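Chemist: Sharing a structure, written as structure tokens. Questions coming.
Residue numbers (mature numbering (1 follows the signal peptide of the UniProt record, and there is no 0)): -31 to -1, 1 to 399.
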């Protein structure tokens, strides 16, 4: 059991990193219905080979999708290769700069794709039929300066993952506002449990709570906050960020977060959760399948972090998990668009989403999700906002990581937010 748990947790950490960077493709053999957009190839058409470059080990069933595409369009062959997530960006930039660019490649969400757009590497996909089917959040993340440059293949959500049995044993109902959430945490603590597990030694974990908070605390009532930041009309220091950070740190001061969180890794938190010692964590949906694999006897659920006053609607933090983009100078732009249109079909998307247990970036695709994930799905209809760094200059997120670790060790919240503002403004001047 211990070995299986550790293997599952290792796989989960990889999945979380892929989700946070945005995810590419992988190899699997799950079958499904035949995807059928476009017209089939005709005899005598020229033979075309499209080169594709992906992030390894994302397990999006790409092999099956490509097989179906080649079956429908026998004159087009897809040849793909990839790199580990920590090497991918360096390798793809080298390929693009050297003229050895693939026809199709994984690109990152939000502002992280903009350097590729500004360098002229990406094919404009704005006129493609699937664009009109994207959810508003996915469309925002795929767009730069009014043009669409990538096809999102899934969305991920941040929420509260919890042990259903522990809640049932203590007679706890799911909290729907912040005061009720704090009361729930206190009852779990009184029962001798760790209410909230956070492995803040791993920097990527530090962002989970503020991202989940901000969807309701900032963007629900001001969807244009990021645009106002870009225009110099808003700041981190002058917004609800200060109260969010106070409430975040207070979770630790009240003893609701595991002791020594700054010295605890995400891997350790997942082991404690699978052992039933931690009742809740705030994380991505990608964590749920890994937890179930680590300990099939535990029944997990997921609900939105209710950082609201009584009676207020709760918004959810969501984000497309990377995109597929086309090379602007490909010799085969029509074939690239045909491939992306095939991937965007309802049938192909269901194969991908059912495999990775991700939420749909399309309004007309409903995946077969685990019941634990289906629990939070209705909340997405209330309102969502994208992962915050997808709309920030690249320098801001690392400053936030360091700042959050700092305030958990007694640092100043105003200083943290001031440094985030300085990083944001310095990036705008470049």
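Cβ atoms here follow ideal geometry from the backbone N, Cα and C, with glycine treated the same way.
Everything numeric in this text was worked out from a predicted model, so none of it was measured.
Mapping the DSSP letters down to three states, classify residue 409 as helix, strand or coil.
Modeler: The question about residue 409 has no answer here: the residues shown for the chain are numbered -31 through 399.
Chemist: Out of 172, 186, 374, which has the shortest C-alpha to C-alpha gap to residue 278?
Modeler: Working through the chain shown from its first residue, we reach residue 278 at position 309. The candidate whose alpha carbon is nearest that of residue 278 is 186.
Chemist: Can you give, in chain order, each stretch of the beta strand (DSSP E) that sits fully within the region 303 to 356 and has at least 3 residues?
Modeler: Those beta strand (DSSP E) runs which fall completely within the region 303 to 356 and span 3+ residues are 353 to 355.
Chemist: Are the beta-carbon atoms of residue 102 and residue 333 separated by less than 7 Å?
Modeler: For this step, residue 102 is matched to residue 133 along the chain shown. For this step, residue 333 is matched to residue 364 along the chain shown. A contact, by the Cβ cut-off of 7 Å.
Chemist: Assuming residue 106 is part of the alpha helix (DSSP H), what are its boundary residues?
Modeler: Taking the first residue of the chain shown as position 1, residue 106 is located at position 137. 105 to 111 is the span of the alpha helix (DSSP H), which, as asked, contains residue 106.
Chemist: How would you call residue 395, buried or exposed, if buried means at least 16 neighbouring beta carbons within 10 angstroms?
Modeler: Taking the first residue of the chain shown as position 1, residue 395 is located at position 426. Under this definition residue 395 is an exposed residue.
Chemist: Assuming residue 369 is part of the alpha helix (DSSP H), what are its boundary residues?
Modeler: Your numbering for residue 369 matches position 400 in the chain shown. That run of the alpha helix (DSSP H) goes 365 to 376.
Chemist: Kindly identify the DSSP beta-bridge partner or partners of residue 46.
Modeler: Counting from 1 along the chain shown, the entry for residue 46 is found at position 77. Partner(s): 18.
Chemist: Find the nearest neighbour of residue 131 within the set 120, 83, 245, judged by alpha-carbon distance.
Modeler: Taking the chain shown and counting its residues from 1, one reaches residue 131 at position 162. Ranking the options by Cα distance to residue 131, first place goes to 245.
Chemist: Just the C-alpha distance for residue 224 and residue 158, rounded to the nearest angstrom, thanks.
Modeler: Walking along the chain shown from the start, residue 224 turns up at place 255. Walking along the chain shown from the start, residue 158 turns up at place 189. Looking at the two C-alpha atoms, the distance is approximately 8 Å.
Chemist: Within 10 angstroms of its Cβ, does residue 196 collect 16 or more other Cβ (buried), or is it exposed?
Modeler: Locating residue 196 in the chain shown gives position 227, counting from the first residue. Exposed, since its Cβ has fewer than 16 Cβ neighbours within 10 Å.
Chemist: Just to confirm before moving on: does the CB-CB distance between residue 100 and residue 117 stay below 7 Å?
Modeler: Here residue 100 corresponds to residue number 131 of the chain shown, with the count starting at 1. Here residue 117 corresponds to residue number 148 of the chain shown, with the count starting at 1. Yes, the pair counts as a contact, with Cβ atoms nearer than the cut-off.
Chemist: At the 7 Å Cβ level, is residue 19 part of the contact set with chain B, yes or no?
Modeler: Protein chain content of the structure displayed is limited to a single chain, and chain B is not contained in it.
Chemist: May I ask you to report which of helix, strand or coil DSSP gives residue 394?
Modeler: In the chain shown, residue 394 corresponds to position 425, counting from 1. If DSSP states are grouped into helix, strand and coil, residue 394 belongs with the helices.
Chemist: In three-state terms, what does DSSP make of residue -6?
Modeler: Start at 1 with the first residue of the chain shown, and residue -6 comes out as number 26. At residue -6, the pLDDT of 35 sits below 50, so the modelled position is not reliable; the number obtained from the coordinates is stated separately. Reduced to three states, the DSSP call for residue -6 is coil.
Chemist: Tell me, please, whether the region 290 to 302 touches the region 66 to 82 by the rule of three or more beta-carbon pairs shorter than 8 Å.
Modeler: Touching, yes.
Chemist: Smallest Cα separation from residue 39: which of 348, 255, 325, 309?
Modeler: For the purposes of this step, residue 39 is taken as residue 70 along the chain shown, with counting starting at 1. Closest option to residue 39, Cα to Cα, is 309.
Chemist: How many angstroms separate the CA atom of residue 220 from the CA atom of residue 172?
Modeler: As a working mapping, residue 220 is identified with position 251 in the chain shown. As a working mapping, residue 172 is identified with position 203 in the chain shown. Straight-line Cα distance between these residues: approximately 18 Å.
Chemist: Return the CA-CA distance between residue 345 and residue 170, expressed in angstroms with no decimal places.
Modeler: On the chain shown, position 376 is the one that residue 345 refers to. On the chain shown, position 201 is the one that residue 170 refers to. Taking the straight line joining both Cα atoms gives about 27 Å.
Chemist: Give the secondary structure of residue 143 by DSSP, where H, G and I count as helix, E and B as strand, and everything else as coil.
Modeler: As a working note, residue 143 is residue 174 in the chain shown. Residue state, collapsed to three classes: coil.
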